[in-house]
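Notes to accompany the following structure.
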Amino acid sequence: MKKFLKGIAIGAAGVGFAASAYKTVMTKKRMEPYQDKLVFKGESISFDGQIFQYASYAAAFTGLSIDFTGADLQGNIGRLDLFGDSSGIQVIVPDNWCVEAKGLARASGVNNSVESEAKVNQPVLYIHYDLRMSGLDISYNKADDEDEEEVEMIEE
Numbered sequence: 007m008k009k010f011l012k013g014i015a016i017g018a019a020g021v022g023f024a025a026s027a028y029k030t031v032m033t034k035k036r037m038e039p040y041q042d043k044l045v046f047k048g049e050s051i052s053f054d055g056q057i058f059q060y061a062s063y064a065a066a067f068t069g070l071s072i073d074f075t076g077a078d079l080q081g082n083i084g085r086l087d088l089f090g091d092s093s094g095i096q097v098i099v100p101d102n103w104c105v106e107a108k109g110l111a112r113a114s115g116v117n118n119s120v121e122s123e124a125k126v127n128q129p130v131l132y133i134h135y136d137l138r139m140s141g142l143d144i145s146y147n148k149a150d151d152e153d154e155e156e157v158e159m160i161e162e
């Protein structure tokens with residue numbers, strides 16, 4: 007009976023290892039088409055002072071912050087492709103931008119607190135995402151709002 011239980015335990019460990027290896031290989035395969043790949047390392051990317059047209063990022067088991075504050079969109083249109091597997095992704099845009107975000111979110115959450123209907127001549131960033139057990143937060147630059155609140159508190 008002990009040999010039988012030991013065999014089951016070893017078999018279960020083998021199956022667990024195989025499943026983990028399979029998930030790793032499949033995640034790596036899904037990340038191939040993306041320009042920049044981040045695994046197990048946090049990254050903060052800023053496009054300040056740049057003209058943006060297109061970028062793609064894949065993040066696995068990490069945090070990624072993309073800051074477009076101070077950036078301009080070429081022809082008022084830009085595209086950002088994102089893949090996230092067990093990751094947290096934050097996208098910060100200027101106050102005058104509109105963001106349209108679409109994609110797949112499996113066991114994931116997407117929070118787009120940015121205006122999604124463009125006005126005439128308003129810069130539009132199109133975000134296409136593929137998320138698995140990840141979070142995506144799209145927001146305006148909050149630092150300006152926090153600074154204003156701090157000033158108000160000091161004045162009182």
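The sequence shown begins at 7 in the working numbering and counts up by one. Glycine is no exception: its CB is placed at the ideal position from the N, C-alpha and C atoms.
Inspect the CB distances between the stretch 107–116 and the stretch 74–85 and report whether three or more fall short of 8 Å.
no
What did DSSP end up calling residue 58 once you bin it into helix, strand or coil?
Taking the first residue of the sequence shown as 1, we reach residue 58 at position 52. Note: residue 58 maps to strand in three-state DSSP.
With distance defined between alpha-carbon atoms, name the residue in 48, 139, 106, 63 nearest to residue 125.
Here residue 125 refers to the residue found at position 119 when the sequence shown is read from its first residue. The shortest Cα separation from residue 125 among 48, 139, 106, 63 belongs to 106.
Classify residue 60: buried if its beta carbon has 16 or more other beta carbons within 10 angstroms, exposed otherwise.
Taking the sequence shown and counting its residues from 1, one reaches residue 60 at position 54. Looking at its Cβ environment, which holds fewer than 16 other Cβ atoms inside 10 Å, residue 60 is exposed.
Exposure label - residue 91; buried when at least 16 CB within 10 Å:
As a working note, residue 91 is residue 85 in the sequence shown. Burial call: buried.
With a floor of 3 residues, list each beta strand (DSSP E) that falls wholly inside the stretch 95–143, ordered by position along the chain.
104–112, 115–118, 130–138
Looking at residue 145 and residue 190, is the spacing between their C-beta atoms short of 8 Å?
The chain is shown only over 7 to 162; residue 190 falls outside these bounds and no answer can be derived.
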